[in-house]
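Asks:
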Amino acid sequence: MFDLLTLVTFLPLLGVLALFAVRSEMFRKVGALAVSLMTFVVSLFLLVNWNPMEPGGFAREVQFNWFPEIGLSFHLGVDGISLWLVLLTTFMMPIAVAFSNLYVKDRIGQHLILLLLLETALIGVFLALDLVLFFVFFEFTLIPMYFLIGQWGSENREYAAIKFVMYTLLGSAFMLVAVVSVYALTGTFSIMEITRVLPATAGIGFQTLGFLAFVLAFAVKIPLFPFHTWLPDAHVQAPTAGSIMLASLLLKMGAYGIFRLAIPFFPAAAAELLVYVILLALAGIVYGGLVALQQKDVKSLVAYSSVAHMGFIVLGLFVFNTQGVSGAILQMINHGLSTGALFLMVGFLYERRHTRRFADFGGLWKSIPVYCAFFLIIAMSSAGLPGLNGFVGEFSILMGAYAVNPGYALVASVGVVLAAWYLLTAYRKLAQGEIVHQENRADVLSDLNSQELSMLVPVVVMCFALGLFPNLLLDKIVPAVELWLPGR
Amino acid sequence: MTLAYNAILPEIVIFGGAVLVLLVDLFRRVAQSEARNSTVLSYLSLAVVAVSAILTFTAAADGRTVMFQTSAVADTLTAAIRLVVLVTTALVLLIGSRYVPSFTHQTGEYYTLLLICAGAMMTMAMAADLMMLFLALETFSLSLILLAGMFRENPHSTEASMKYFLLSAFASAFFVYGAALVYGATGTIALASLASSAALPSPLLFVGVALLLVGFGFKLSVAPFHMWTPDVYQGAPTTVTAFMSVGTKTAMLGALIRLFILALPETWANSTSILMILAVLTMTVGNLTALSQTSLKRMLGYSSIAHAGYLLAGLVPGTENAIDGALFYLFTYAFMNVGAFIIIIAIEQPIETDIERSQLRGAGQKAPWLAGFMALFLFSLSGIPPLAGFFGKFLLFRAIIEGGFLWLAIAMVLNSAISAYYYLRVIVAMYFRSGAKPLPVTQGTRGLYLGMVAAGVMVLVIGFFPSFWLQLLTR
Numbered sequence: 001m002f003d004l005l006t007l008v009t010f011l012p013l014l015g016v017l018a019l020f021a022v023r024s025e026m027f028r029k030v031g032a033l034a035v036s037l038m039t040f041v042v043s044l045f046l047l048v049n050w051n052p053m054e055p056g057g058f059a060r061e062v063q064f065n066w067f068p069e070i071g072l073s074f075h076l077g078v079d080g081i082s083l084w085l086v087l088l089t090t091f092m093m094p095i096a097v098a099f100s101n102l103y104v105k106d107r108i109g110q111h112l113i114l115l116l117l118l119e120t121a122l123i124g125v126f127l128a129l130d131l132v133l134f135f136v137f138f139e140f141t142l143i144p145m146y147f148l149i150g151q152w153g154s155e156n157r158e159y160a161a162i163k164f165v166m167y168t169l170l171g172s173a174f175m176l177v178a179v180v181s182v183y184a185l186t187g188t189f190s191i192m193e194i195t196r197v198l199p200a201t202a203g204i205g206f207q208t209l210g211f212l213a214f215v216l217a218f219a220v221k222i223p224l225f226p227f228h229t230w231l232p233d234a235h236v237q238a239p240t241a242g243s244i245m246l247a248s249l250l251l252k253m254g255a256y257g258i259f260r261l262a263i264p265f266f267p268a269a270a271a272e273l274l275v276y277v278i279l280l281a282l283a284g285i286v287y288g289g290l291v292a293l294q295q296k297d298v299k300s301l302v303a304y305s306s307v308a309h310m311g312f313i314v315l316g317l318f319v320f321n322t323q324g325v326s327g328a329i330l331q332m333i334n335h336g337l338s339t340g341a342l343f344l345m346v347g348f349l350y351e352r353r354h355t356r357r358f359a360d361f362g363g364l365w366k367s368i369p370v371y372c373a374f375f376l377i378i379a380m381s382s383a384g385l386p387g388l389n390g391f392v393g394e395f396s397i398l399m400g401a402y403a404v405n406p407g408y409a410l411v412a413s414v415g416v417v418l419a420a421w422y423l424l425t426a427y428r429k430l431a432q433g434e435i436v437h438q439e440n441r442a443d444v445l446s447d448l449n450s451q452e453l454s455m456l457v458p459v460v461v462m463c464f465a466l467g468l469f470p471n472l473l474l475d476k477i478v479p480a481v482e483l484w485l486p487g488r
Numbered sequence: 489m490t491l492a493y494n495a496i497l498p499e500i501v502i503f504g505g506a507v508l509v510l511l512v513d514l515f516r517r518v519a520q521s522e523a524r525n526s527t528v529l530s531y532l533s534l535a536v537v538a539v540s541a542i543l544t545f546t547a548a549a550d551g552r553t554v555m556f557q558t559s560a561v562a563d564t565l566t567a568a569i570r571l572v573v574l575v576t577t578a579l580v581l582l583i584g585s586r587y588v589p590s591f592t593h594q595t596g597e598y599y600t601l602l603l604i605c606a607g608a609m610m611t612m613a614m615a616a617d618l619m620m621l622f623l624a625l626e627t628f629s630l631s632l633i634l635l636a637g638m639f640r641e642n643p644h645s646t647e648a649s650m651k652y653f654l655l656s657a658f659a660s661a662f663f664v665y666g667a668a669l670v671y672g673a674t675g676t677i678a679l680a681s682l683a684s685s686a687a688l689p690s691p692l693l694f695v696g697v698a699l700l701l702v703g704f705g706f707k708l709s710v711a712p713f714h715m716w717t718p719d720v721y722q723g724a725p726t727t728v729t730a731f732m733s734v735g736t737k738t739a740m741l742g743a744l745i746r747l748f749i750l751a752l753p754e755t756w757a758n759s760t761s762i763l764m765i766l767a768v769l770t771m772t773v774g775n776l777t778a779l780s781q782t783s784l785k786r787m788l789g790y791s792s793i794a795h796a797g798y799l800l801a802g803l804v805p806g807t808e809n810a811i812d813g814a815l816f817y818l819f820t821y822a823f824m825n826v827g828a829f830i831i832i833i834a835i836e837q838p839i840e841t842d843i844e845r846s847q848l849r850g851a852g853q854k855a856p857w858l859a860g861f862m863a864l865f866l867f868s869l870s871g872i873p874p875l876a877g878f879f880g881k882f883l884l885f886r887a888i889i890e891g892g893f894l895w896l897a898i899a900m901v902l903n904s905a906i907s908a909y910y911y912l913r914v915i916v917a918m919y920f921r922s923g924a925k926p927l928p929v930t931q932g933t934r935g936l937y938l939g940m941v942a943a944g945v946m947v948l949v950i951g952f953f954p955s956f957w958l959q960l961l962t963r
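Line order of the protein sequences matches chains Y and A. Counting from 1, one number per residue, gives the positions in the first sequence under the working numbering. Counting from 489, one number per residue, gives the positions in the second sequence under the working numbering.
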């Protein structure tokens with residue numbers, strides 16, 4: 001029971017219990033940061049003795065009975081895909097905690113407890129190898145996120161919080177039906193067992209319905225166009241740490257679910273319906289980019305850019321070749337880093353000026369140059385500038401898409417252009433030009449302080465590291481993807 | 489044939505305890521204050537319930553016993569229903585010691601009636617012929633009618649009692665007429681011999697079964713026989729509401745399982761389409777109406793209709809898994825639903841018996857523990873994993889899908905998702921809004937908080953260790 005996987009998953013939960021025990025805000029802040037850093041360090045040990053075993057390619061597994069009467073077991077495992085998503089989670093969490101420690105004044109203890117609860121749920125989703133266990137963690141992420149948006153959000157937070165929860169619940173309702181139907185057919189909830197048995201036993205009708213049910217649940221989460229409407233609301237209203245969690249990690253649950261469950265369970269249906277999914281993904285890429293161009297609020301621009309970027313990831317997953325799929329996995333990590341950092345930047349700005357409207361800024365380069373330099377780097381990493389992390393993933397996806405249908409690659413590359421356009425526009429509106437508003441003058445506005453830099457620098461270092469040495473990740477991703485691909 | 493006293497000891501203890509409570513009340517009342525009297529009686533009743541629970545376990549260890557020729561039977565179903573009723577009664581007793589004297593001077597009668605009611609509910613699950621079933625049904629209905637009207641100064645309470653009386657009378661009439669027709673068609677009232685006698689389908693039997701089902705429908709608040717539920721739930725003293733919302737369902741479902749699924753499996757299998765319609769109608773009506781409620785007790789009333797719908801849906805396949813699922817669900821429902829009512833009791837004013845949702849505004853800050861537990865119970869009611877309510881729903885769900893009722897399953901998950909909306913609105917009020925007025929925590933006593941914590945801990949413990957509790961209930 002006390003193995004590495006369980007430890008990584010439940011360390012944040014232990015932290016929650018510890019946080020309940022102490023009363024002092026100071027201790028809670030330090031404690032939450034310490035717990036999240038400790039989780040990161042412990043999760044790094046997953047890399048030690050990395051030796052994926054056939055079949056399935058899992059380097060570590062742990063399993064014990066939870067509710068044997070319904071066939072539910074507590075079953076975790078890590079392979080070359082989930083590894084990076086777990087590391088992304090444990091990497092981003094201390095940053096979110098540090099941001100909240102610095103800026104959240106109201107009920108910070110509760111806020112941190114919710115963040116740590118969310119961390120356990122997210123790691124659980126990425127590691128779960130039992131379908132019901134996956135569902136349990138997947139649904140449980142709603143509770144902390146609901147409170148984070150609803151309690152620390154902006155004016156319209158109630159609406160955004162409820163919309164977020166209701167969309168997800170309605171989306172996953174059908175998935176639950178499919179989960180139990182899969183059990184009725186195969187007699188197991190083990191994800192690997194189902195992957196092995198189900199494609200051979202299920203007819204095309206069952207597969208199609210099952211695929212649609214799973215994809216609907218994940219399409220809401222990703223979000224795939226046209227199920228994205230909750231996202232801008234949730235992002236704009238959420239507190240910064242909530243936005244980071246949402247963009248970096250929660251959206252990845254959807255893409256990961258498609259990769260781990262929807263396609264392997266129902267390959268025939270996936271092959272049948274992939275054109276429609278790809279079309280929706282392409283629509284999302286173009287739509288997200290065009291709408292992002294129109295935004296007057298920095299945060300909603302980043303939110304819509306997420307819609308476009310997630311479209312790329314879905315496109316990569318569904319082209320079914322090594323380049324496309326490993327590009328998509330890589331891009332999940334890249335998007336987590338870049339967009340997380342963008343929300344962090346927006347958060348820094350908002351805490352200084354209490355506005356996010358472009359119209360209230362301009363000429364920031366003259367007053368806060370360090371901030372602007374970091375903003376530019378991160379915007380470029382998000383836009384896919386070569387040498388930074390976004391480029392490798394996007395390029396790989398485009399290559400994969402081109403191999404299947406040059407048309408896909410053509411439409412998707414429109415998205416690349418749009419991304420550079422709206423991100424540079426954002427930078428221009430914020431940083432360039434003359435200082436119009438007195439509040440933006442150098443003597444009023446302070447540049448990034450050391451605490452803020454300590455949150456940003458690790459992300460930027462990772463952006464460069466992954467841009468220059470993508471093989472750090474790809475070495476483990478590609479073998480896992482190649483195990484995954486046959487039969488598609 | 490000797491009588492196996494062991495097997496009916498739990499009921500004997502409860503009914504004996506009721507008499508004891510009445511006697512103790514008679515001799516103590518003169519000397520003691522109302523509140524003190526209530527505390528003593530509630531502890532005495534709790535002790536009775538505890539003894540009965542222990543005896544339930546020893547009786548269950550003896551296996552299946554048939555008593556009084558064929559009119560009573562003690563088996564695992566009986567044990568499970570007894571357990572759920574006893575747990576509910578214990579929670580309601582625990583939270584009532586201060587609350588009861590705030591609405592009535594007849595504390596002795598309250599505890600006596602509560603115990604009689606619990607005993608009769610347990611008897612429902614033991615009844616193995618139609619006569620016994622009817623006797624138990626009447627006993628617990630009459631006790632509930634009296635309990636619902638105990639808040640005499642409040643006209644709503646009297647109205648609740650009157651309404652429940654009239655509707656119960658209707659239900660009983662349907663039930664007894666149905667029983668008479670079934671007897672006419674089969675020549676027996678023993679459930680064990682119904683099946684063999686009912687082999688030949690006859691119109692008389694069909695009408696009889698239909699009438700029995702209507703009787704059950706009234707009591708279980710299955711749509712379209714649910715109209716009385718919100719009014720009675722809102723008007724009755726809140727402890728009584730908490731007790732009847734779980735207790736009635738438990739007793740009626742126990743009897744439903746024994747009468748239809750175990751004794752008349754073919755009839756049950758032939759009526760699945762009607763049952764499905766009733767189940768979907770019940771949960772949908774319950775949930776959609778609950779959406780627009782502002783009174784918490786009314787909302788929980790409609791939510792309880794919805795949960796009756798889930799339970800009925802879960803039983804439609806009529807398999808062993810379905811029965812196990814329903815029993816497990818009832819067990820979890822006892823904690824989460826009574827739990828939600830405990831919070832309402834904690835903030836109720838002495839004169840009113842009703843709380844508007846808006847009164848909870850800002851509770852998250854002003855009474856963090858109360859709000860935290862309320863949120864826990866509501867999340868569990870809406871079926872968010874890994875709380876107890878999720879596994880309850882999951883088991884029902886599995887039975888439905890294994891039975892091949894895909895559309896029923898879809899209707900149920902969609903309903904469950906809709907229900908989250910009104911549960912979440914309470915949480916919105918508690919956490920996302922700030923209230924001007926301080927939260928009036930008037931009824932907080934040790935017993936109440938103990939009940940709240942016990943229910944909350946159980947909601948978590950059942951969620952984390954569901955296997956143990958399922959085995960305990962179904963073995």
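A virtual CB, placed ideally from N, CA and C, is assigned to each residue, including glycine.
Given a cut-off of 9 Å on the beta-carbon distance, is the pair A/Leu679 and A/Ala751 in contact?
Replies: For the purposes of this step, residue 679 of chain A is taken as residue 191 along the second sequence, with counting starting at 1. For the purposes of this step, residue 751 of chain A is taken as residue 263 along the second sequence, with counting starting at 1. Against a cut-off of 9 Å, the Cβ pair of A/Ala751 and A/Leu679 comes out as a contact.
Asks: Is the segment 751-761 of chain A close to the segment 665-683 of chain A, with three or more CB pairs under 8 Å?
Replies: At 8 Å Cβ cutoff, the stretches touch.
Asks: If you pair each beta-carbon of the segment 861-875 of chain A with each one of the segment 897-908 of chain A, do three or more pairs fall below 8 Å?
Replies: The segment 861-875 of chain A, when compared against the segment 897-908 of chain A, does touch it at the 8 Å Cβ threshold.
Asks: Considering only the alpha carbon of each residue, which of A/Trp957, A/Phe704, A/Tyr919 and A/Trp895 lies closest to Y/Ala173?
Replies: For the purposes of this step, residue 173 of chain Y is identified with residue 173 of the first sequence, where counting begins at 1. The option with the nearest alpha carbon to Y/Ala173 is A/Trp895.
Asks: Is the beta carbon of A/Ser759 sitting closer than 9 Å to the one on A/Gly703?
Replies: Position 271 of the second sequence holds residue 759 of chain A. Position 215 of the second sequence holds residue 703 of chain A. No. Outside cutoff.
Asks: Quick one: what does DSSP say A/Thr933 is sitting in, helix, strand or coil?
Replies: Counted from its first residue, the second sequence places residue 933 of chain A at position 445. Here A/Thr933 sits in coil by DSSP.
Asks: Can you list, in chain order, the residues of the segment 907-926 of chain A whose Cβ is nearer than 9 Å to any Cβ on chain Y?
Replies: Answer in chain order: Ala908, Tyr909, Leu912, Arg913, Ile915, Val916, Tyr919, Phe920 and Arg921.
Asks: When DSSP labels each residue in this structure, what does Y/Val180 get in the three-state scheme?
Replies: As a working note, residue 180 of chain Y is residue 180 in the first sequence. DSSP places Y/Val180 in helix when its eight states are reduced to three.
Asks: Spatial neighbours of A/Val539 within its chain, please: C-beta separation below 6 Å, excluding the five flanking residues on both sides.
Replies: Taking the first residue of the second sequence as position 1, residue 539 of chain A is located at position 51. Cβ within range, chain order: Val501.
Asks: Is there at least one Cβ from chain Y nearer than 9 Å to A/Gly852's Cβ?
Replies: Numbered from 1 along the second sequence, position 364 holds the residue referred to as residue 852 of chain A. Chain Y contact via Cβ: present.
Asks: Do A/Thr777 and A/Ile793 come within 9 Å of each other at the CB atom, strictly closer than that value?
Replies: In the second sequence, the residue the question calls residue 793 of chain A occupies position 305. In the second sequence, the residue the question calls residue 777 of chain A occupies position 289. A contact, by the Cβ cut-off of 9 Å.
Asks: In whole angstroms, give me the CA-to-CA distance for Y/Gly153 and Y/Ala238.
Replies: The count along the first sequence starts at 1 and reaches residue 153 of chain Y at position 153. The count along the first sequence starts at 1 and reaches residue 238 of chain Y at position 238. Spanning the two alpha carbons is a distance of roughly 5 Å.
Asks: Quick check: is the beta carbon of Y/Leu243 nearer than 9 Å to any beta carbon in chain A?
Replies: Here residue 243 of chain Y is taken as the residue at index 243 of the first sequence, counted from 1. The residue asked about is misnamed: residue 243 of chain Y is Ser in this sequence, not Leu. So, not an interface residue.
Asks: Here's the rule: buried if 16 or more other CB atoms are within 10 angstroms of the residue's CB, otherwise exposed. What is Y/Ile377?
Replies: By 1-based counting over the first sequence, the position of residue 377 of chain Y is 377. Label assigned to Y/Ile377: buried.
Asks: Ignoring anything shorter than 4 residues, give me the alpha helix (DSSP H) runs that lie fully in the segment 104-134 of chain Y, in order along the chain.
Replies: List check, alpha helix (DSSP H) in window: 108-127.
Asks: For a contact defined as C-beta to C-beta under 9 Å, what are the partners of Y/Ser181 on chain A?
Replies: Position 181 of the first sequence holds residue 181 of chain Y. Per Cβ cutoff of 9 Å: Ile889, Leu894 and Ala897.
Asks: Taking the alpha carbon of Y/Gln432 as the reference point, which residue from Y/Leu364, Y/Lys476, Y/Val392 and Y/Arg352 has its own alpha carbon closest?
Replies: Position 432 of the first sequence, counting from 1, holds the residue named residue 432 of chain Y. Out of Y/Leu364, Y/Lys476, Y/Val392 and Y/Arg352, Y/Leu364 has the C-alpha closest to the C-alpha of Y/Gln432.
Asks: Go ahead and pull the three-state DSSP assignment for Y/Met53.
Replies: By 1-based counting over the first sequence, the position of residue 53 of chain Y is 53. Note: Y/Met53 maps to strand in three-state DSSP.
Asks: Could you tell me which of Y/Phe91, Y/Val104 and Y/Val41 sits nearest to Y/Arg28, measuring between CA atoms?
Replies: What you label residue 28 of chain Y is simply residue 28 of the first sequence in a count that begins at 1. Closest by alpha carbon: Y/Val104.
Asks: Are the C-beta atoms of Y/Ala161 and some chain A residue less than 9 Å apart?
Replies: Indexing the first sequence from 1 puts residue 161 of chain Y at position 161. Yes - at least one Cβ of chain A is within 9 Å of the one on Y/Ala161.
Asks: Please report the residue range of the beta strand (DSSP E) in which Y/Gly187 lies.
Replies: Along the first sequence, one-based indexing puts residue 187 of chain Y at 187. Per DSSP, Y/Gly187 belongs to no beta strand (DSSP E) and is neither H nor E.
Asks: Is the distance from the Cβ of Y/Leu501 to the Cβ of Y/Lys221 below 9 Å?
Replies: For residue 501 of chain Y there is no data in the structure shown, the boundaries of chain Y being 1 and 488.
Asks: Can you check which of these residues, A/Ala673, A/Ala757, A/Ala814 and A/Ala834, is closest to A/Val725 by C-alpha distance?
Replies: Here residue 725 of chain A refers to the residue found at position 237 when the second sequence is read from its first residue. Before going further, note that residue 725 of chain A is Pro rather than Val in the sequence given. With distances taken between Cα atoms, A/Pro725 lies closest to A/Ala834.
Asks: Just the Cα atoms here: how many angstroms apart are Y/Phe137 and A/Arg746?
Replies: Mapped onto the first sequence, residue 137 of chain Y falls at position 137. Mapped onto the second sequence, residue 746 of chain A falls at position 258. Between Y/Phe137 and A/Arg746, the C-alpha separation is close to 37 Å.
Asks: Does any C-beta atom of chain A lie closer than 9 Å to the C-beta of Y/Ile368?
Replies: To locate residue 368 of chain Y, count along the first sequence from 1; it is residue 368. So no, Y/Ile368 is outside the interface.
Asks: For A/Tyr821 versus A/Lys737, is the C-beta spacing smaller than 9 Å?
Replies: Stepping through the second sequence from its first residue, residue 821 of chain A is reached at position 333. Stepping through the second sequence from its first residue, residue 737 of chain A is reached at position 249. For A/Tyr821 and A/Lys737, yes; Cβs fall inside 9 Å.
Asks: For A/Tyr919, count neighbouring Cβ atoms within 10 angstroms of its own Cβ and tell me buried if that reaches 16, exposed if not.
Replies: Residue 919 of chain A sits at position 431 when you count from the first residue of the second sequence. It counts as buried.
Asks: Would you mind giving the Cβ-Cβ distance between Y/Leu418 and Y/Gly289, rounded to the nearest angstrom? I have them listed as a contact below 8 Å.
Replies: Working through the first sequence from its first residue, we reach residue 418 of chain Y at position 418. Working through the first sequence from its first residue, we reach residue 289 of chain Y at position 289. Yes, they are in contact, since the Cβ atoms of Y/Leu418 and Y/Gly289 sit about 3 Å apart, within 8 Å.
Asks: Is A/Val512 closer than 9 Å to A/Leu603 when the C-beta atoms are compared?
Replies: Position 115 of the second sequence, counting from 1, holds the residue named residue 603 of chain A. Position 24 of the second sequence, counting from 1, holds the residue named residue 512 of chain A. No; because the gap between Cβ atoms is not below 9 Å, this pair is not in contact.
Asks: Within its chain, find whatever has a CB closer than 7 Å to the CB of A/Leu565; leave out the 5 residues flanking it on each side and keep chain order.
Replies: Residue numbering aside, residue 565 of chain A sits at position 77 when the second sequence is read from its first letter. Excluding positions up to five away in sequence, the list reads Ala613, Gly742, Ile745 and Arg746.
Asks: Please name the residue, chosen from Y/Leu33, Y/Leu224, Y/Val444 and Y/Leu209, that lies closest to Y/Val180 on a Cα-to-Cα basis.
Replies: What you label residue 180 of chain Y is simply residue 180 of the first sequence in a count that begins at 1. It is Y/Leu209 whose Cα lies nearest to the Cα of Y/Val180.
Asks: Might you give, ordered along the chain, the residues of its own chain that have their beta carbon closer than 7 Å to the beta carbon of A/Ala887, omitting 5 neighbours on each side?
Replies: The residue you call residue 887 of chain A lines up with position 399 of the second sequence. The answer, listed in chain order, is Gly802, Pro805, Thr807, Asn809, Ala810 and Gly813.
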